[in-house]
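**Q** Numbering (the numbering used here), first residue to last: 44 to 153. Just so it is clear, CB atoms sit at the ideal spot from N, CA and C, and this is done for glycine as well.
#1: Leaving aside the five residues before and after residue 73 along the sequence, list all residues of the same chain whose C-beta is less than 8 angstroms from its C-beta, in chain order.
#2: I'd like to check one pair, residue 95 with residue 105: are the Cβ atoms closer than 8 angstroms?
#3: Out of 102, 71 and 108, point me to the one whose CA is closest to residue 143's CA.
#4: For the beta strand (DSSP E) containing residue 111, name the first residue and the last one.
#5: Which residues mark the beginning and the end of the alpha helix (DSSP H) in which residue 87 is found?
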């Protein structure tokens with residue numbers, strides 16, 4: 044393929060990429076109901092909520108950015124998100140050495 048063909052494909056890719064509509068996170072009123080101190084495993088949290096936005100103390104503490112729609116419930120912001128828009132809470136999860144949840148808190152973000 045010649046240079047002009049590559050340039051056209053590149054320009055077309057940029058043009059189409061600009062047309063992508065951002066995906067709105069799905070809200071769920073019961074999203075966090077599965078969290079039970081002393082019972083919930085770290086693995087089940089990651090399977091349910093996805094990759095955390097933050098890891099502390101060698102993965103013993105996970106944090107998630109959580110939003111809330113008044114009528115629909117909670118949603119988790121994607122881990123790689125650069126924005127805190129729509130983020131209302133930080134979900135903090137603390138696990139023991141067996142990777143069992145020992146404490147969780149939904150902390151309001153200002």
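**A** With the given structure in hand:
#1: 116
#2: yes
#3: 102
#4: Looking at the DSSP string, the run of the beta strand (DSSP E) that includes residue 111 is 104-112.
#5: 85-92
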